[in-house]
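In what follows, a structure is listed as structure tokens, so that the remarks can point back to it.
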Amino acid sequence: SVSTECLSPADTAMVARVIHDKSEVEKESIRAKLSANILFSALDEDQRNVVVDAVEMVPFDAGTDIIVQGDTVANTFYILESGEAKAVVNGSVVKEYTAGGAFGELALLYNAPRAATVTATTNVTCWALGRDTFRSTVIQSMHEKREAHQKFLADVPLLSSLAADERAAIADVLTQRTYEAGEEIIREGDAGSEFYLLEDGTACSTSTLNATTLDYKRGDYFGELALLHNETRKATVTAKNRVKVLSIDMDAFTRLLGNLQHILKRNEEQYGQLARDGIIVA
Ligand code: 1OR
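In UniProt numbering, each residue's number is its place in the sequence shown (first place is 1) plus 53.
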């Protein structure tokens, strides 16, 4: 995830709206690319439309450097519409891009020199997004997301012993997902690689190992056992209505929630018979 530590929301106020006309087909193509890109995942509908309007189609011939490593003037972020490109750092290719790939965010996020040279390897068409719009949408949404997550995390009982900066670190790695009523969030027997906090709605767990069902509401967690014990999922968790969860992957779970292991293990008693039967091995 991208840390927004050094970003000030102050400079995102009062940015003039940029509009480059485009067809509905082009707009749809841009929307699809935005939804596939993590940088844009926190944008609300309005912010998304601002980006769709603001991007401008720019072609580059094969062999052209679109971005040059070390450049201190950086005004543009690029989304590849068609063709291929590569990123080169100090002479080595570090990344290759195809349609939907995007680059040039680092200098804009951190006010830093360009960290890589990005070269068109075929003739390409890019959607170019100007610095001001990038900052007023992407960075603004990152701030909003971070603040909303921090507020939620402050109300999660499991995390109450953490310091504010520890919660802030967790806020930055959360991925939000939505499930409709009846959808399975995790399934018994599957390999598990994510831990979940329930943000909105209600869910319940059922297990073939045990007759107990558990209900989950805002602020509750699940999915920790597979991660703590490196085992398959011991229960199925199903959304009872429209549910929003915030998930944390295995790496971040270990890194950021490691200190909470004793609480998580102590709380395993809630699974009752399951634990006593030795099905869950601590
Ligand atoms: P930028 O604004 O610095 C160059 O302009 C862009 O190349 C950069 O944003 C990223 O979008 C993109 N290190 C730095 N920049 C990279 C890298 C990279 N890969 C793509 N870009 N890597 C680390 C190399 C030591 C590769 C990471 C997979």
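Even glycine gets a Cβ: it sits at the ideal position worked out from N, Cα and C. In this text, all values refer to a predicted model and were calculated from it rather than measured experimentally.
Between Y150 and L211, the CB-CB gap reaches or exceeds 8 Å. Per DSSP, reduced to three states, the secondary structure at G183 is strand. The beta carbon of A305 is closer than 7 Å to those of V226 in its chain, skipping five residues each way along the sequence.
Beta-bridge partners of P112 (DSSP): T178. For the set R220, A115 and T125, the Cα lying nearest the Cα of P166 is the one of T125. By the Cβ criterion, the region 115-130 is in contact with the region 174-184, since at least three pairs of Cβ atoms, one from each stretch, lie closer than 8 Å. Excluding its 5 nearest sequence neighbours in each direction, D268 has C-beta neighbours in its own chain below 6 Å: C257, listed in chain order.
Distances from the alpha-carbon of T259 to those of E247, L250 and G235 put G235 closest. The Cβ atoms of K293 and T255 lie closer than 8 Å to each other. The beta carbon of T289 lies closer than 8 Å to those of E237, I239, R240, E241, S258, T259 and S260 in the same chain, with the five residues before and after it left out. In this structure, K139 lies near T174, with their beta-carbon atoms less than 8 Å apart.
When secondary structure is reduced to three states using DSSP, Q193 falls in the helix class.
Counting only residues of its own chain and dropping the five nearest sequence neighbours on each side, V111 has a CB closer than 7 Å to the CB of C179 and A181.
Pairing I72 with E158, the inter-Cα distance amounts to about 20 Å. In the DSSP assignment, I223 falls within the unbroken alpha helix (DSSP H) covering A217 to A224. For Q314, the uninterrupted alpha helix (DSSP H) segment begins and ends at Q314 to N320. Listed in chain order, the non-local C-beta contacts of N90 below 6 Å within the same chain comprise A155, local neighbours out to five positions each way being set aside.
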